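Each residue of the sequence shown is one higher than the last, beginning at -1 in the working numbering. Each residue gets a CB set at the ideal place from its N, CA and C atoms; glycine is no exception. In this text the structure is predicted, and so the values were computed from the model without any measurement.
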Amino acid sequence: MNREILVLADALAREKSVAKEIIFQALEQALASATKRLNKERIEARVEIDQETGDYKSFRRWLIVPEDEFVDPDNQMMLREAHEFDTSKLMGEFVEEPLEPIPFGRIGAQAAKQVILQRVRDAERDQVLEEFLARNDQLINGSVRRIDRGNVIVESGRVEGVIPRDQLISKENFRVGDRVRAYVLRVDRQARGPQLILSRTAPQFVSALFELEVPEIEEGVIEIKAVARDPGLRAKIAVKSNDPRLDPQGTCIGMRGSRVNSVTNELAGERIDIILYAEDTAQFVINALAPAQITSIVVDEERHAMDVVVNEDNLALAIGKGGQNVRLASELTGWQLNLMSEEQSANKAGAESIRLRDTFMAKLDVDEEVAQILVDEGFSTVEEVAYVPLAELQAVEAFDEDTVQELRTRARNAALTDEIAKEEVLENASDDLKTLEGVDTELLMKLSRFGVTTRDALGDLASDELCAIRVLPEERARALLDNDFSDLTDEERQMMGRSDAKAATQLIARARESWFAAAQ
């Protein structure tokens, strides 16, 4: 064995404070590579070094693979062949046979040195990274070392991180030597360059900055419940106090705004709204939309959406410039918020009343008067008429006992018919459509009426077509699809907009994923 390499390994282990085991692993890797290179055949090799004596053994190895994957006789072996050498061998293990150690000259030693040095550098980098991660620091403070294709490389002591271009606030322009602070977004251990991925646009960056400025947050007296950002422009942060004597908003703002201003200055002037968190979701939404005054809120638990009504004077304020205020409030609360004026709310309620009345007339075969009474009494589905406690129907003054019993019978028959239709739809719909995230039985029913029974067919829809199918009466949606939405009314456009066009776009994108996978 080349004593020079052993001396080098021992010296590097002491000098770099790296475990000697890592040095010898690198040495074994280098010797195995040299063995492969100097062997006349194309082989896989392994070298095992005795760390005490410096003696080493070389082995040729074959990977045990299934017969249908056997393509390389020089480096692979089937299980039945492996059992001729050792019956205990399993799939995925190696069969080895000793090789005559090949003497390595100056070139082999130099190659080994290069591998060792690279492994030492990797080990040093890993050690520095582990020391940093052990401190559980959320933020890194450093200076700009260089800028590489828009990505900012930050150096902080022995630690190096990178702020990707898409994680920089758009109005910022850093130069080499500038001081910079960023949030540690994640660790990429496979990266050849800096392994710490940093961000100045992440919502967590705002939370970490407030934790620095507000001791009560670090102490747990005040909690940050949620953060929503439009980086560099505006942010909303929801806070809660665990001490009823402490005002969380005032504490985070600080004397004359000192605390919040410090965070704003770090974020290139980003305006920050401190919102009081509330367990009641409707109240939380009201707080998040401040300073706009809310008239009423209608909660749709099924769609996880709220219709928020404000008077005309407050509508623009609630929406904000470019929709910024309502967008951030929606992100902060986790609810889809549909803002509308009192007039728009009344129009929507009227349209919904007409839709329910028409549904009852069609499915229960009743006249307009009876259907309207059901709507006015708060019934919204045929199933409610069929299965609510009988006393609720009997309490309707306009209905006598015979009418109640007849309505009950018709409603149950209609509900049964709908259930049979649902089963047929589920049977005819493709499995890939039924299992697609965001597709429920109700949507499957609506899609089937338009001939959409596969994932590919859903992918062929445009987002406005899907919105129309989801929220408009079937006949009207069909007419709009046929005439390319040429006579779409403002009210219908608002209804479709409130149906979460973003979710429709995302659903269609998921349906199209298989197209791109096939293309690749």
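Closest option to Leu335, judged by alpha-carbon separation, among Met304, Lys346, Thr357: Met304.
For the pair Lys234 and Asp271, the CB atoms are nearer than the 8 Å cut-off. Scanning the segment 65 to 101 for uninterrupted alpha helix (DSSP H) segments of 4 residues or longer gives 77 to 80, listed from N- to C-terminal end.
Around the beta carbon of Lys38, fewer than 16 other beta carbons sit within 10 angstroms, so the residue counts as exposed.
Going by DSSP, Ala369 is part of the alpha helix (DSSP H) stretching over 366 to 374. Under the 10 Å beta carbon count, Met494 is surrounded by 16 or more other beta carbons and is classified as buried.
Judged by DSSP in its simplified three-state form, Thr199 adopts coil rather than helix or strand. Minimum Cα-Cα distance from Glu158 among the listed residues Arg179, Gln193, Ser256, Asp124 corresponds to Gln193. For a cut-off of 8 Å, the C-beta gap from Asn345 to Glu489 is around 6 Å, short enough to register as a contact. Our two residues, Thr262 and Glu170, have alpha carbons roughly 14 Å apart in a direct line. Counting only residues of its own chain and dropping the five nearest sequence neighbours on each side, Pro387 has no CB closer than 7 Å to any other CB. By the neighbour-count definition (other C-beta atoms within 10 Å, threshold 16), Arg40 is an exposed residue.
DSSP places Lys169 outside both helix and strand once states are collapsed to three, so it counts as coil. Annotated as proximal: Val174 and Val142, with beta-carbon spacing under 8 Å.
In chain order, Ala276, Thr331 place their CB closer than 6 Å to the CB of Phe282, counting only its own chain and leaving out the 5 sequence neighbours on each side. Per the Cβ contact rule, the segment 310 to 329 is not in contact with the segment 214 to 223 (fewer than 3 Cβ pairs under 8 Å).
By the Cβ neighbour-count rule, Val69 is exposed, with fewer than 16 other Cβ atoms within 10 Å of its own.
Across the set Trp333, Asn323, Arg156, the C-alpha of Trp333 shows the shortest separation from the C-alpha of Glu299. The segment 361 to 374 and the segment 407 to 414 touch, with three or more beta-carbon pairs separated by less than 8 Å.
For Pro96, the number of other beta carbons within 10 angstroms of its own is below 16, and it is reported as exposed. Around Ala290, the same chain offers Val308, Asn312, Leu315, Ala316 as residues with beta carbons nearer than 7 Å, after the five sequence neighbours per side are excluded. Taking C-beta atoms as the reference points, Leu131 and Val185 count as a pair closer than 8 Å.
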